[in-house]
Structure formats: structure tokens, C-alpha cells
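Following: one structure in C-alpha cells, then a few remarks.
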Amino acid sequence: MYRLHHVLDRHIPLWPPVAKALLSSKPIYKLFTSIERKSKQELFGCRMCGQCALPVTAYSCPMTCPKQLRNGPCGGVNPDGGCEVYPDQRCVWLMAYERADEEGKVADMRRLQRPIDQRKWGQSSWVNYWMGEDETLWTSDADLQGLEHEPLLLEPRQAKSGHSA
Amino acid sequence: VSDNGRVIAPSPVKYADSHLQAVLQRGRFAVTAEIGPPRGANVAPVRRKAKMLRDWIDAANVTDNQSAVVRMASWAGCLVLKQEGVEPVMQLQCRDRNRIALQSDLLGAAALEIPNILLLTGDHPRFGDHVDAKPVFDLDSIQLIWTARTMREQRKLLSGRELKPAPDFFIGAVENPFAPPLKWRAERLGKKIAAGARFCQTQFIYDVKIFAEWMQRVRDLGLDQRCYILAGVGPIKSIRALEHMRNEVPGMYVPDEVMRRLRGVPADQVAAEGLKLCSEIIAEVKTIPGVAGVHVMAFSWEDAIPEILERAGVARRSALSLAGSS
């Protein structure tokens, strides 16, 4: 999964123009978004929040948590690792920590995830990401120096409301 | 120097003239208690509990629709506590409010000089008395803590709008050392501290060994130097209460040893044994380095708190002065 993310990296010059092209045509954007929806639903149980956190949650989707927690597990995880709300399901954050540990990505768990933009539900998170709208979604590598470090205060979101496709 | 001989570096910043913070800064073993507001439009029960606990505690939390069960508003209970001379800690959770209401409640609390706030995610409605309610969870606890710190320090709302004047408060968080992933629970507290938490009250401790291991990790990460840790404790009144806690309260860990101990005494002595157990746990956690105080949660049994503290050797607050070290 981490490798797949390299392919989708927004710093690859191909992607921002692709995103712009997708945004310029409503039917193509719709088709693209439905492909994203189908594939990510299948793989991760994606809820289409439009602001994907998967690259820093060890590919465990936080929006599948009944409380939609973006910053780690709640205090109600059962001793067997089951979700407090749906005991038969394993806590998504527990899976995130375990997988991150295996992949050497536990530092990602320290990132503070800012509140999501509720307007983006149903949008293509890939397009939003390629358009650079996810830049401030979580604290940066520079803020990961250690837990002593106090990250930036919450800056207001950029005024743009995202696109409306 | 605190009761357990550890020097606690005073935080340079004083928040909202909080007495609780002053006690902690001086390294005196702090005591907070939980007061559950009533199900009804009557402040008398809060008044009674405040009067009873006044001499024994440094501050009292007023819960916010705890376990997703409707009760009188936390801010209202906090104002009653102030009238009775007890410093309040206002609990505020993300289940019932979006970011607009949360920020508005934070402003209200600061304006009414409620100096301490405890910010939580909140139990899911599934556990409460309105299982058909819509859960909000627009923010999570860490985002709410981050928001409160931004309001205080940046003097701005999440929208970027300026606050005149900005609110001031001593910000607290909770952590559960007993829920998986145990290995990362201290790191998670670290995240809350990075977001802005300056004190932490833990989940009920019934297994001191697991708590001590968590504290070891907290110290290894230096978190006890940046955030005051108050150990959460509470008495078990009956076998029925114990069963309820173990099976129905999310995030509660009661080891078999405790079950055996309470089941081993005659039914009419369970309450006394539960009270004794709670005192023993306080006495034990008090000796763990980095523990700055204790938070007593005696749901519907607040009357037991003075005896629990006395047995644990925690002095009546009225017998201490803030000026001297205790």
C-alpha cells in the first residue's frame, strides 16, 4: 500500500494536471469518483470523506470507526481488541498501530489530525489531494521531532470551499 | 517536592487562576472528585454533594451526560459548585455538539470563570438512555483540546475569527491505561499533551501493576513533567455494580483478583470491602513516581469519598495550607 501511494504521489508532475482535467468535466469527474469509491470501499471500507488519511494511518480507515476518530483509538477498546460499539469488529485504530509498527511507521501515529472539512463528503479524495488541498490535514514531518514538540496552533482552513463537482 | 519525593518543575504559565493548577504546581498531592449531576431540574443534590466534599477535595468534575445518559448540564452544575465554594472542572464531550457549539460552550465556561475544563470524545449513544440519538463527533477529543489551546493562545476560533477577549482555562484530558493498544497508551497521552492538555485524569484503576507500567512509559517519555497525572479510582458498592462495570461500561478493566476478593465476603460486607480496596489503591498509586494526585469517581456514592480518603491517608484539604509544603 505504501508503494501504491508512491505511484499516486502528488509531487509527480503528472497528477495535478490530471486532477485539473478531471475537474473540468463533470461526467468524467463523476466516473472517476465512482471508480475511486468502488476500489477504496472494497479495499478499506472507504466512506468517501473526501480527505483521505490512509497514508498516515497505516491504511486503516479512521472513518470506519463508529466515532470517526481521526487521532487514535478511544478509551473503550475491549480487552480482546474489539470495538466498544461493535464488539465483533476489531478496533480500526488497533489495526492501524499494529500495522504501523510492522511497517516502521509508528511515528505517523503521533501526527495530529486536524478536524475534517464536512463539505468534502462524496468528493474524490485523490483529486483533492492532487490539487494540494490535503497539505494541512495533519501535522508535518517537521512536527514529528518528538513528543516534546508543541505543534502549530490550528490555523483557519483556506477560504476555498473545495470544488463543487 | 511532592508527597512521593519527586520534584515537579512548576509550569511557568498560570491558567485562569485555577486553584487546582496552583495545588499541582506546588507539588501537593491533589484530590479531585466526580460529581454526577441529577436527572431532573433541581440543583439541591449538587449542593449537598458539594457541601459534603468541600473540605476534602481541591476541585470537582461535573460530568457531561456521562455514558450518554441525559443529566443536568455540566456548566450549570459547575456554577452551583462555585456558589458552594468548590472549584469546578467542567467536562465537555464531542458526542453531543459540533464545533460551533463546543467553542460556544468553551467561551461560556471561561466567561463564567470556570477555570478547569476536561475535554473528551464521549461514550457512543449506544450505551445510553437515548440509543436512537444522532451522534455528532464533528471533532475528536484531541482536536477539541487543540481547539481550546488555539482559542486561548491564538485568540481565534477555528474559523479564524478573533476572540475579544480570548478565553483562559486549565486544560485537562483523560486516558485509559487499560485499553488496547496498551503499548501505545502513553504515546496517545503524549499526543493529547502536544495538542494542549496540562492535566490528565485516568480511567478507574483496579490493576495497579498495569497502571504502574503505563506510568513507567509516561515517565520515560517525560510526559509527567509536562502534564499532571491524576490517578482515577472509585469504590465498588455491590456485586451487581461490579458485574455492571465489567460487562456494560466501555473501557473498564476489573481483574479476576478483584472479583474474587469482593465475591469472597458476605453480601452485606461488599460495600465495606469495596471501600477498603479503593483506599488501598489510592495508597499504592500515591507512591508511584509522577502521580500528582488522585481523581475519585464514586458514581451515586459520593458520600463514601471522605472515608475513602481518610483511610488512604490523604489529608483533609482544610487541614492543609497552600503556602506550606505538605
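As you go down the protein sequences, you meet chains V and W in turn. Heads up: the first sequence begins at -3 in our numbering, then just goes up one per residue. Heads up: the second sequence begins at 18 in our numbering, then just goes up one per residue. Even glycine gets a Cβ: it sits at the ideal position worked out from N, Cα and C.
Counting C-beta pairs with one atom in each stretch, the segment 34 to 42 of chain W and the segment 67 to 76 of chain W have three or more that are closer than 8 Å, which means they touch. P111/V is positioned such that its CB atom lies closer than 8 Å to that of L156/W.
Proximity of chain V to T138/W at the Cβ level (cut-off 7 Å) is accounted for by K63, L65 and C70, in chain order. Within chain V, no residue has its CB atom less than 8 Å from the CB of I134/W, the nearest being about 17 Å off. Using beta-carbon distances, Y55/V does not count as an interface residue toward chain W, since no partner is under 8 Å. With contacts defined by Cβ atoms closer than 8 Å, G77/V and P197/W form a contacting pair.
When 9 Å is used as the limit between beta carbons, G268/W is near these residues of chain V: C70, G71, G72, V73, N74 and E80, in chain order. Contact note: C87/V reaches chain W through P197, using a C-beta cutoff of 8 Å and chain order. If you look at N133/W, you'll find it in the beta strand (DSSP E) that goes N133 to L137.
Among the residues of the segment 96 to 128 of chain V, those with a Cβ less than 9 Å away from any Cβ of chain W are D97, V102, M105, R106, R107, L108, Q109, R110, P111, I112 and Q114, in the order of the chain. Under the Cβ criterion of 8 Å, W163/W is counted among the residues facing chain V. With fewer than 16 other beta carbons inside 10 angstroms of its own, A128/W counts as exposed. 8 Å or more divides the Cβ of I227/W from the Cβ of V302/W. Judged by DSSP secondary structure, Q110/W falls within the beta strand (DSSP E) whose first and last residues are P105 to Q110.
Neighbours of R328/W in chain V, taken as residues at a C-beta separation under 8 Å, are lacking, since the least C-beta distance is about 28 Å. Between A15/V and M127/V, the C-beta spacing is below 8 Å. In the three-state reduction of the DSSP assignment, T135/V falls in the coil class, being assigned neither a helical nor a strand state. Beta-bridge pairing by DSSP links I52/W to V79/W. Proximity of L10/V to chain W, defined by a Cβ-Cβ separation below 8 Å, is not satisfied. Taking the CA atoms as reference points, P58/V sits about 10 Å from R43/V.
D157/W belongs to the set of residues whose beta carbon lies under 8 Å from a beta carbon in chain V.
The segment 203 to 218 of chain W makes no contact with the segment 270 to 280 of chain W; the number of CB pairs closer than 8 Å stays below 3.
Among the residues of chain W, those whose CB is under 9 Å from the CB of G77/V are P197 and P198, following chain order. A residue is called buried when at least 16 other Cβ atoms come within 10 angstroms of its Cβ; N67/V meets this threshold and is buried.
Under the DSSP assignment, F216/W falls in the beta strand (DSSP E) whose first and last residues are F216 to F221.
Comparing alpha-carbon positions, the option among D237/W, A229/W and E170/W lying closest to G213/W turns out to be E170/W. DSSP places L18/V in the helix class (H, G or I) of the three-state scheme. Within the DSSP bridge table, the entry for Q109/V names W134/V as partners. Setting aside the 5 residues that flank it on each side, L124/W is surrounded in the same chain by P184, each with a C-beta closer than 6 Å to its C-beta; the list follows chain order.
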